[in-house]
Amino acid sequence: MISKDELLEMLSDIESARIERTISVNNTDKFGQAICAFSNDLPNYQKCGYLIIGADDKTGKLSGLKVTDQLLQNLAAIKDNGNIVPPPALSVEKFVFDEGELAIVEVSPHFQPPVRYKQQVWIRNGPRKAVANEGEERILSEKRSSFARAFETQPCHESQLEDLSLDIFKLSYLPSAIDRETLERNNRDVREQLASLKFFDLKANKPTNAGVIMFGKNPSFFLPGDYIQYVRFNGTELTDDVAFEKTFSGDLLTQLRIIDDFIKNQIIKESPIKATTLREDKKINYPNWAIRELLLNAIIHRDYQANAPIKFYEFTDRIEITNPGGLFGEARPENFPNMNAYRNPEIASVAKNLGYVNKFNVGVKRAIKLLSENGNPEPDFKKNELHHFCVIIFAA
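The following block contains the structure:
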């Protein structure tokens, strides 16, 4: 975070592209647009941008604001509220002056632009803040290609555009990811549309790995471990007889819907319990949303470079979900599930755009709560493994 002296110098720089001032404390759209624009860093400063709350936008003078803990919490929550995808990297701090207090949001440039706020790409260029036009989005996409670090946004060199199901992209996903106004004036060809959402690499002229995972006609041809192996055992051990098995493979957009139905219809079971002599209640073995959240967590966080699938094993007394790839980034055994980092931020963004995720970094905590409310024992997370992550969910 900047120092007090640096902040005072910034306040007087009215034309800076790295600063946005406001006296509003509840204009969440303005906050989100500014954070999105700083994340995109269109001028390529490769420096942080600053949202300054409590200073006049035209003069830089302090408004006399009293910064509350609630305001700081609201600003910090913007990172995970799901409106900005991929999630931004930001920190929040309060500064106290004689003339008043300031709440500062420091936003780091994202390494995988374009970043969107409510399905729109916001940028700053000088003092101008606006929704990016097609040319500006293209610049952001090309900037990402030059230093992409995540495997999902790297080009899948063996694939071609023809390996993607473009109808699924255009009809099922694009309307959920881009606002209607932008779609109506969109004259870009399908490569540029895919690239704007990080599913195609324009320089390599190839789909990205995320594009293959999301819309590939046969993703496992290029990524051999890209499937889910479900097995139901007649017992509590891996050596017990297999009652049923199924492989979930193909484009992830379709598979998410199939998996949703499978959990509801094949996993969740009701059994009667006597409440009184005249009435029976029903008990379920697992809450549907808890299994859904924990399997989705495995899909979002798995290592797609690994050749092993996600293992979704059901025993008579428990379910085990194991995905390749241990805890990632800032997430550690000692801070999980309170701290999270995304190995695959674009796949996480897809889940958010499609409504499978309401907010970032709450799915596991929500699953734990639902299991507790249903009477299931606390799930067992195997957090210390380097190459895989496992959760054991015990039946009620």
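Numbering (our numbering), first residue to last: 129 to 524. Every residue, glycine too, gets a C-beta built ideally from N, C-alpha and C. Here the structure is a predicted model, which is why all the values come from computation and not from measurement.
The stretch 361 to 374 contacting the stretch 315 to 329, beta-carbon criterion three pairs below 8 Å: No: fewer than three Cβ pairs fall under 8 Å.
In chain order, each alpha helix (DSSP H) run of at least 4 residues that lies wholly inside the stretch 159 to 215: Within the stretch 159 to 215, the runs of alpha helix (DSSP H) that reach at least 4 residues and sit entirely inside it are, in chain order, 197 to 205.
For residue 238, does the count of other Cβ atoms within 10 angstroms reach 16, so buried, or fall short, so exposed? Here residue 238 is buried. Its C-beta has 16 or more other C-beta atoms within 10 Å.
Just to check my reading of the structure: residue 520 and residue 414 have Cβ atoms closer than 8 Å, yes? What is that Cβ distance to the nearest angstrom? Between residue 520 and residue 414 a beta carbon distance of about 12 Å is seen, past the 8 Å cut, so the two are scored as non-contacting.
Considering only residues of the same chain and omitting the five flanking positions on each side of residue 270, which have a CB-CB separation below 7 Å? For residue 270, where only same-chain residues beyond five positions count, the Cβ hits under 7 Å are 330, 331.
Among 249, 234, 464, the one whose alpha carbon lies nearest that of residue 491: For the residues 249, 234, 464, the minimum Cα distance to residue 491 belongs to 464.
Quick check on this structure: which residue in 389, 338, 444 has the alpha carbon closest to the alpha carbon of residue 368? Closest in C-alpha terms to residue 368, from the list 389, 338, 444, comes 444.
Label residue 133 either buried or exposed according to how many other C-beta atoms from any shown protein chain fall within 10 Å of its C-beta, with 16 as the threshold for buried. Classification for residue 133: exposed.
Taking three-plus beta-carbon pairs below 8 Å as touching, is the stretch 233 to 250 in contact with the stretch 163 to 182? Taking one beta carbon from each stretch, the stretch 233 to 250 and the stretch 163 to 182 have 3 or more pairs nearer than 8 Å; the two touch.
Can you tell me which of the three DSSP states residue 429 falls into? Correct three-state label for residue 429: helix.
Between the beta-carbon of residue 234 and the beta-carbon of residue 219, is there less than 8 Å? Closer than 8 Å, so yes.
On the CB-based measure, 16 or more other CB atoms within 10 Å of its CB, does residue 384 come out buried or exposed? When all chains shown are included, residue 384 counts as buried.
DSSP state of residue 279, grouped into three classes? The answer is helix: DSSP assigns residue 279 an H, G or I state.
Between residue 506 and residue 484, what straight-line distance do the alpha-carbon atoms span, to the nearest angstrom? Rounded to the nearest whole angstrom, the C-alpha separation of residue 506 and residue 484 is 23 Å.
What are the start and end residues of each continuous alpha helix (DSSP H) run of 4 or more residues lying completely inside the stretch 337 to 392, in chain order? Complete alpha helix (DSSP H) runs here, min 4: 337 to 343, 347 to 350, 380 to 390.
Enumerate in chain order the residues of its own chain whose CB-to-CB distance from residue 482 is below 8 Å, with the five nearest sequence positions on each side excluded. Shown here for residue 482: same chain residues with a beta carbon closer than 8 Å to its own, the five before and five after excluded, namely 301, 304, 381, 384 in chain order.
Touch test, the stretch 282 to 295 against the stretch 333 to 343, Cβ-Cβ under 8 Å, three pairs minimum: Note that the stretch 282 to 295 touches the stretch 333 to 343; at least 3 beta-carbon pairs, one per stretch, sit closer than 8 Å.
With DSSP collapsed to three states, give me the class of residue 229. Correct three-state label for residue 229: strand.
Taking the C-alpha atoms as reference points, what is the distance between residue 181 and residue 359? Taking the straight line joining both Cα atoms gives about 53 Å.
So which of 450, 142, 429 has the shortest CA-CA distance to residue 254? Here the closest residue by C-alpha is 142.
Quick one: what's residue 86 bridged to in DSSP? Because the chain spans 129 through 524 in this model, residue 86 falls outside it and cannot be assessed.
If you compare alpha carbons, which of 456, 395, 398, 352 is closest to residue 436? Comparing alpha-carbon positions, the option among 456, 395, 398, 352 lying closest to residue 436 turns out to be 352.
Using a 10 Å radius around the Cβ and a threshold of 16 neighbouring Cβ atoms, would you call residue 280 buried or exposed? Per the 10 Å Cβ criterion, buried.
So what does residue 329 bridge to, in DSSP terms? For residue 329, which the question treats as bridged, DSSP gives the partners 334.
Continuous alpha helix (DSSP H) assignments of at least 4 residues falling wholly in the stretch 244 to 326: Fully enclosed alpha helix (DSSP H) runs of no fewer than 4 residues occupy 262 to 275, 302 to 305, 308 to 312, 318 to 324 of the stretch 244 to 326, in order along the chain.
Is it the case that the Cβ atoms of residue 548 and residue 449 are separated by a distance below 8 Å? The structure shown has nothing for residue 548, since the chain only spans 129 to 524.
Do you know offhand how far residue 313's Cα is from residue 430's? Going by the C-alpha atoms only, they are around 36 Å apart.
Whole angstroms is fine: what's the gap from residue 298's alpha carbon to residue 288's? About 17 Å.
State the DSSP-derived secondary structure class of residue 140, mapped to helix, strand or coil. Of the three classes helix, strand and coil, the one that applies to residue 140 here is coil, per DSSP.
Report the three-state DSSP secondary structure of residue 450 (helix, strand or coil). Three-state result, residue 450: strand.
Residues near residue 446 by beta carbon distance below 7 Å, same chain, minus five either side: If we look at residue 446 and ignore the five residues flanking it on each side, its Cβ neighbours are 520, 521, 522, 523.
Span of the beta strand (DSSP E), counted from its first residue to its last, around residue 497: For residue 497, there is no enclosing beta strand (DSSP E); the enclosing alpha helix (DSSP H) has its first and last residue at 491 to 502.
Less than 8 Å separating the beta-carbons of residue 146 and residue 177? Contact check for residue 146 against residue 177 passes: the beta carbons are separated by less than 8 Å.
The alpha helix (DSSP H) with residue 474 in it runs from where to where? For residue 474, the enclosing alpha helix (DSSP H) covers residues 473 to 481.
Give the secondary structure of residue 511 by DSSP, where H, G and I count as helix, E and B as strand, and everything else as coil. Look at residue 511 here: in three-state DSSP terms it is coil, with no helix or strand label.
I'd like the list of long-range same chain contacts for residue 355, defined as Cβ closer than 7 Å, with 5 residues on each side in sequence excluded. Annotation for residue 355: 348, 375, 376, 377, 437 place their beta carbon closer than 7 Å to its own, counting only its chain and skipping 5 residues before and after.
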